[in-house]
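Trainee:
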Amino acid sequence: MFPQPIDKSSAAVKGTYRFVLYAFLLIWLLPLGGILITSMRSLADINSGNYWGWPTEFHLLENYTQVFKATPMLLYFYNSIFITLPTVLATLALSSLAGYSLAKHRFRGNFLIFAMFIAGNFVPAQILMIPVRDLTLKLGVYDTKLGLILFHTAFQTGFCTFFLRGFIKELPHELVESARIDGASEFRVYWSVILPLIQPALAALAVLEFTFIWNDYFWALVLVQGDEARPITLGIQALRGRWTASWQLISAGSIIAALPPVVMFFLLQKHFIAGLTLGAVKE
Amino acid sequence: MKKIIGVFLFILVSVNVTFSGTLKITNNSSNSDIHKLWNEQIIPGFEKENPGIKVEMTVYDHEAYKTAIRNFLQAEPPDVVNWFSGNRMKFFVDQGLFEDVSDVWDKNNLHSQLSSARSTVTVEGKQWGLPTTYYQWGVYYRKDIFAKYGLGEPRSWGDMMNIAETLKKNGITPFTIGTKYLWTAAGWFDFLNLRINGYDFHMALMGGEISYEDKRLDRVFDVWGDMARKGYYIENHASYSWQEGQAPMINGEAAMYLMGNFVVPDLVKAGLDGKIGYFQFPVIDGSVRTYEDAPTDSMHIPSKAKNKADAKKFLAYVARPDIQGTIAQASGMLSSNNQSPVPDDEFLKIGFKVLSESAGLAQFYDRDTTPEMAKEGMKGFQEFMVKPEREKQIRQRIERARKRIYKQ
Amino acid sequence: MKASFWDRNQLKLAPVFFLTPALLLFAVYVLRPIFSSLWISFYEWDGVGQMIWIGFANYEEMWHDDRVHTAVWNNLLWLIFFLLTPPLSLGLGLYLNQNLPDLRIVKSFFFFPFVVSAVVVGLIFSWFYNPRYGLLDLFLEQVGLQPLALLSDEKLVNYGIIIAAMWPQIAYCLILYLTGLAGLNKEMIEAGRIDGAKGWAMFWNIILPQLRPATFIAVVVSVLGALRSYDLIAIMTQGGPWGSSTVLAYEMVEQAIFNYRMGYGAALATILFFILDIYIAWFLIRVWRNEKGRL
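Residue numbers (my numbering), protein chains in the order written: chain A, 465 to 747; chain B, 5 to 412; chain C, 298 to 592.
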């Protein structure tokens, strides 16, 4: 482990470490604190410029229940989950296969395909609005969850392939070779050798992808019309208000919407921050 | 793994089934009180009168809706949509994306009931939508601050400048504004130009027929620049949204706000009930009649809608004086239907009077001219309000944009 | 002999099976639309009506467009600042890479900024900078300084937005580095310690090389983040005051979506795409040289 672990150091060292850590965490979370306080304010407070002071009255319960009352937020929440989870799974499956092939197979055009996957990431996505909308219409998946799942999977596959190829490339080739000599099929090698070894990378990527797709707003706006496929991000913005932005509701909604990705991070972090890791199996 | 495949299949199959007799409508007001009104009063009322029709309403964020509508109109639109009459509507009419609803007008005697807003939804003699509500703009001011310095409502531009001078001397900024999102600056331009050059000139300018370097606009920029140079607007207004611009007025650091009537509920909720007054933007040139900005909202039927028959029934229902009156009252706006009851709110009452006596109504800068021209123009106005000394370069830049946009 | 063809050719055929699903989806949903947007850049088109062929006129206009020049410079500024995020995140990651029981939850808190929607991040930073009621103003007042109108000052506005944007970006890179740090080879570190490597030398010679995959990804996503920046600008300034905080991506969305100029927007996207690709080509060539022949 680097740097030197301090869990066996003296209490004084640990104390200093924690002091610095929590002091920095406090500064780091200051903006978040601002959002949290805003989510408890009254609109009158916001409009009179009381952004940072003590709220004149607390509207905690009122604001958070309003988020659920004003729009079918539970339906949107459900939609978000059933858009995000399939997309993350599909993306990881496709890109780990592609990443393995690009890292460990020798064939003509290998590097070119890799370059293409990277390049595809670099287009500012909004410009694809009209072609992607038309394609979605043609496929008959406009205004459905599947339409969003397909697009997100396609668009994220490029980045994930790039991400995973790097990790797979770092794996010692002998592992793959010896499995092949033992008579394992290529799929077997992928399934039993590669996947377990890149588990940390997969877990980290799952968290990142979950967050990206969960937070998508633009594509949901373009590819969804009704309530049946609408994700939570769109639902929250609909609380905004026509002229006067109800920032207290948007803040409350955003905090609620931010919880699933944070929970994902909390649950998955043991796979990529501690435990069985890449280095442990390297020669 | 089986579960995952199951989830996929489930999603594949759950493509929404729309029953005949379902009417899909949008709502872009994104105000939960309005949603409540529609869900609990307007829609049930319609369903009761038209058994067999089920109305489904999708709520949108007002800004995002502008992007969404362009996409769904060409894809699978709902049956009734919100939009804005005038130039914004014409864009979609020209592309064949809105349905002609003249028959709804003919059958329901709307030509006389909606006479004042009729022109805003008429293209080539046909009606393409239903104007629902509109609202006045004007100067909202702190009565208590005016009283403290012995000031009354101005009757002329000279009065207005005297008021500003007095306030300024007493350490109160005359006007608050937040120009971060630009359109508030356009309100000033509209009113100054309407008061100095009148409606026909203004609309010709909006139509791209007149140069922004035209001499007749010099006076507009002189008057406006004079105010900016004297510090009549709050400092750093480009840092604030219109909403953040309310704060100095609520806190008594500024006394007036040129704004639409939608500002009132916020000010009242912030504890200014009874301390707010309204006056019409004062006359600058006595030879020019008074014209106002009064943006009109409307409802339309997309030409690709699936259930047009019921959609027309719905428009006819919404057009009724009682329904329009209810909607307008709840949204703090005026009903387009002249048979609707006169509102009892003091600001709506005076707004109604000002607008009915007006010699002509403009929609608003960003609705009367094309979106691109509006963006360029408003960026210039924002800069001018902060850096009036750059007038020449700014007008040059806007003019270059106009030439390109209107192909001259 | 059964299955012998498959056995003999498995290594050649496997890439086809492994790559086809991803490639197919990618080609249909990403590559083809990229080409159609390239195509659109030669037209004048409002996104709805008739398309009019105008050749290179959009590109010509771009060449003379002051706002595009501002956008390019601003993008450069974003890029410079965003390239600071990988080292900052690495520093933070090193500090956090400990096994204390409370760190698990602490790390989750550090992740938070990455998750919160850009709209509220932009909002809260705008309020932080608010020259009348903002925290920054309160602080400056305490120190006896004039209020700083960060977001309405044409010279300072970019820094204000970039700092707000770096907050989630640091969290993003932090995850990458925490993953990388967890994967460090214990034996190599021990061997290094036995050889007497300490502190900086240890970090530079043994740790950093092992973090190469994480660094590579962190740099790429930071470049991407810098050049695709849109959300925070939209909420904090809308490119203002008077266009001085615009960047290419913002300009593109404004033109294509809000101004109904799909053709011009597509031309801007094309240029942005090429700028990014030149940068990435340079990067890829390095990767390629590095890996040549290695599996």
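Each residue gets a CB set at the ideal place from its N, CA and C atoms; glycine is no exception.
Taking Cβ positions only, does ALA702(A) come closer than 8 Å to chain B?
Mentor: On the first sequence, residue 702(A) is found 238 positions in, with the first residue counted as 1. Residue-level contact by beta carbon holds for ALA702(A) and chain B, with a gap shorter than 8 Å.
Trainee: Which residue marks the beginning of the beta strand (DSSP E) containing GLU60(B), and which one marks its end?
Mentor: Counted from its first residue, the second sequence places residue 60(B) at position 56. GLU60(B) -> beta strand (DSSP E) spans 58 to 63.
Trainee: Just to confirm the assignment, what range does the beta strand (DSSP E) spanning ALA259(B) have?
Mentor: Taking the first residue of the second sequence as position 1, residue 259(B) is located at position 255. Where ALA259(B) is concerned, the enclosing beta strand (DSSP E) stretches over 258 to 264.
Trainee: Thinking just about the alpha-carbon of each residue, which of PHE674(A), LYS568(A) and LEU610(A) is nearest to the one in LYS309(C)?
Mentor: By 1-based counting over the third sequence, the position of residue 309(C) is 12. The shortest C-alpha separation from LYS309(C) is found at LYS568(A).
Trainee: Which chain A residues sit within Cβ distance under 9 Å of ASP270(B)?
Mentor: Walking along the second sequence from the start, residue 270(B) turns up at place 266. By Cβ distance, chain A contributes LEU507, ALA508, ASN511, TRP707 and THR708.
Trainee: What residue range is occupied by the uninterrupted beta strand (DSSP E) comprising ASN86(B)?
Mentor: Here residue 86(B) corresponds to residue number 82 of the second sequence, with the count starting at 1. Looking at the DSSP string, the run of the beta strand (DSSP E) that includes ASN86(B) is 85 to 88.
Trainee: At which residues does the alpha helix (DSSP H) containing MET303(B) begin and terminate?
Mentor: Numbered from its first residue, the second sequence carries residue 303(B) at position 299. Looking at the DSSP string, MET303(B) is not in any alpha helix (DSSP H); the run it does join, the beta strand (DSSP E), is 300 to 304.
Trainee: Do you know how far the Cα of ASN75(B) is from the Cα of ASP83(B)?
Mentor: For the purposes of this step, residue 83(B) is taken as the residue at position 79 of the second sequence. For the purposes of this step, residue 75(B) is taken as the residue at position 71 of the second sequence. Taking the straight line from one Cα to the other gives about 15 Å.
Trainee: Please decide whether THR534(C) counts as near chain B, where near means a Cβ-Cβ distance under 8 Å.
Mentor: Within the third sequence, residue 534(C) is the residue found at index 237, counting from 1. Yes, THR534(C) lies at the interface with chain B (some Cβ there is under 8 Å from its Cβ).
Trainee: With DSSP as the reference, label LEU603(A) as helix, strand or coil.
Mentor: Here residue 603(A) refers to the residue found at position 139 when the first sequence is read from its first residue. Residue state, collapsed to three classes: coil.
Trainee: By Cβ distance, which residues of its chain are closer than 7 Å to THR512(C), with the 5 residues on each side in sequence left out?
Mentor: In the third sequence, residue 512(C) corresponds to position 215, counting from 1. Cβ within range, chain order: PRO383.
Trainee: So which residues on chain B does GLN689(A) lean against when the C-beta distance must stay under 9 Å?
Mentor: Position 225 of the first sequence, counted from the start, is the residue given in the question as residue 689(A). In chain order, LYS28, THR30, THR62, ALA72, ASN75, PHE76, ALA79, GLU80, PRO81 and PRO82 make up the part of chain B whose C-beta sits under 9 Å from the C-beta of GLN689(A).
Trainee: Contact defined as beta carbons within less than 8 Å: I believe ILE38(B) pairs with ALA334(B). What is the distance between those atoms, to the nearest angstrom?
Mentor: The count along the second sequence starts at 1 and reaches residue 38(B) at position 34. The count along the second sequence starts at 1 and reaches residue 334(B) at position 330. Contact flag correct, Cβ pair sits at about 6 Å.
Trainee: Going along the chain, which residues of its own chain have a beta-carbon closer than 7 Å to the beta-carbon of ILE331(C), five neighbours each way excluded?
Mentor: Your numbering for residue 331(C) matches position 34 in the third sequence. Around ILE331(C): no qualifying Cβ.
Trainee: Taking Cβ to Cβ, would you say THR535(A) is nearer than 8 Å to LEU703(A)?
Mentor: Here residue 535(A) corresponds to residue number 71 of the first sequence, with the count starting at 1. Here residue 703(A) corresponds to residue number 239 of the first sequence, with the count starting at 1. Yes. Within cutoff.
Trainee: Which complete beta strand (DSSP E) runs does the segment 567 to 616 of chain A hold, if anything under 3 residues is left out?
Mentor: Fully enclosed beta strand (DSSP E) runs of 3 or longer: not present.
Trainee: What's the gap between the Cα of THR534(C) and the Cα of ILE632(A)?
Mentor: Translated into positions along the third sequence, residue 534(C) becomes position 237. Translated into positions along the first sequence, residue 632(A) becomes position 168. Their backbone Cα atoms lie some 42 Å apart in a straight line.
Trainee: Give the DSSP-derived three-state secondary structure of ILE470(A) in the structure shown.
Mentor: As a working mapping, residue 470(A) is identified with position 6 in the first sequence. Of the three classes helix, strand and coil, the one that applies to ILE470(A) here is coil, per DSSP.
Trainee: If we cut at 8 Å on Cβ distances, does VAL390(B) have a partner in chain C?
Mentor: The sequence position of residue 390(B) within the second sequence is 386, counting from 1. Yes, VAL390(B) lies at the interface with chain C (some Cβ there is under 8 Å from its Cβ).
Trainee: Using CA coordinates, which residue listed in LEU521(C), PHE378(C) and LEU565(C) is at the minimum distance from PHE248(C)?
Mentor: Because chain C in this structure spans residues 298 to 592, residue 248(C) falls outside the shown range and cannot be described.
Trainee: Go ahead and pull the three-state DSSP assignment for VAL127(B).
Mentor: As a working mapping, residue 127(B) is identified with position 123 in the second sequence. In this structure, VAL127(B) counts as strand in the three-state DSSP scheme.
Trainee: If we count the other Cβ atoms within 10 Å of its Cβ and call it buried at 16 or more, is LYS404(C) buried or exposed?
Mentor: Locating residue 404(C) in the third sequence gives position 107, counting from the first residue. Result: buried.
Trainee: Let me check understanding here. Comparing Cα to Cα, which of TRP539(C), PHE425(C) and ALA446(C) lies closest to TYR185(B)?
Mentor: The sequence position of residue 185(B) within the second sequence is 181, counting from 1. If we check each option's Cα against that of TYR185(B), TRP539(C) comes out closest.
Trainee: Can you check whether the C-beta of GLN733(A) is within less than 8 Å of a C-beta belonging to chain C?
Mentor: By 1-based counting over the first sequence, the position of residue 733(A) is 269. Yes - at least one Cβ of chain C is within 8 Å of the one on GLN733(A).
Trainee: Considering only residues of the same chain and omitting the five flanking positions on each side of GLY344(C), which have a CB-CB separation below 7 Å?
Mentor: Translated into the one-based positions of the third sequence, residue 344(C) becomes position 47. TYR557 and MET559, listed in sequence order.
Trainee: Any Cβ of chain C within less than 8 Å of the Cβ of PRO595(A)?
Mentor: Against the first sequence, residue 595(A) aligns to sequence position 131. Taking Cβ atoms only, chain C reaches closer than 8 Å to PRO595(A), which makes this a yes.
Trainee: Leaving out five residues before and five after VAL748(A) in sequence, what residues of the same chain have Cβ atoms less than 7 Å from its Cβ?
Mentor: Summary: the structure shown does not reach residue 748(A), with chain A confined to residues 465 through 747, and so no result is reported for it.
Trainee: Starting from the beta carbon of PHE266(B), find every residue of chain A whose beta carbon is closer than 8 Å, and list them in chain order.
Mentor: As a first step, residue 266(B) must be located in the second sequence, where it is residue number 262. Within 8 Å Cβ-Cβ: ARG706, TRP707 and THR708.
Trainee: Can you tell me which residues form a DSSP beta bridge with LYS28(B)?
Mentor: For the purposes of this step, residue 28(B) is taken as residue 24 along the second sequence, with counting starting at 1. DSSP lists GLU60(B) as partners of LYS28(B).
Trainee: Which residues, in chain order, does the segment 377 to 388 of chain B contribute to contact with chain C at a C-beta distance below 8 Å?
Mentor: LYS379, LYS383, GLY384, GLN386 and GLU387
Trainee: Can you check DSSP and say which residues form a bridge with ASP297(B)?
Mentor: As a working note, residue 297(B) is residue 293 in the second sequence. Note: ASP297(B) sits in a beta bridge opposite ALA366(B).
Trainee: When you check each C-beta in the segment 661 to 686 of chain A against every C-beta of chain B, which residues fall closer than 7 Å?
Mentor: LEU685 and VAL686
Trainee: From which residue to which residue does the alpha helix (DSSP H) around PHE407(C) run?
Mentor: Within the third sequence, numbered from 1, the residue matching residue 407(C) stands at position 110. Segment 400 to 412, the alpha helix (DSSP H) holding PHE407(C).
Trainee: Could you name the residues of chain B that GLY540(C) contacts, counting a contact when the two beta carbons are closer than 8 Å?
Mentor: Position 243 of the third sequence holds residue 540(C). Simply LYS383.
Trainee: Name the one or two DSSP bridge partners that THR177(B) has.
Mentor: If you number the second sequence from 1, residue 177(B) lands on position 173. Answer by DSSP bridge pairing, in chain order: ALA258(B).
Trainee: Using only CA atoms, which one of MET303(B), GLN284(B) and ASP349(B) lies nearest to TRP141(B)?
Mentor: Position 137 of the second sequence holds residue 141(B). Measuring from the Cα of TRP141(B), the nearest candidate turns out to be GLN284(B).
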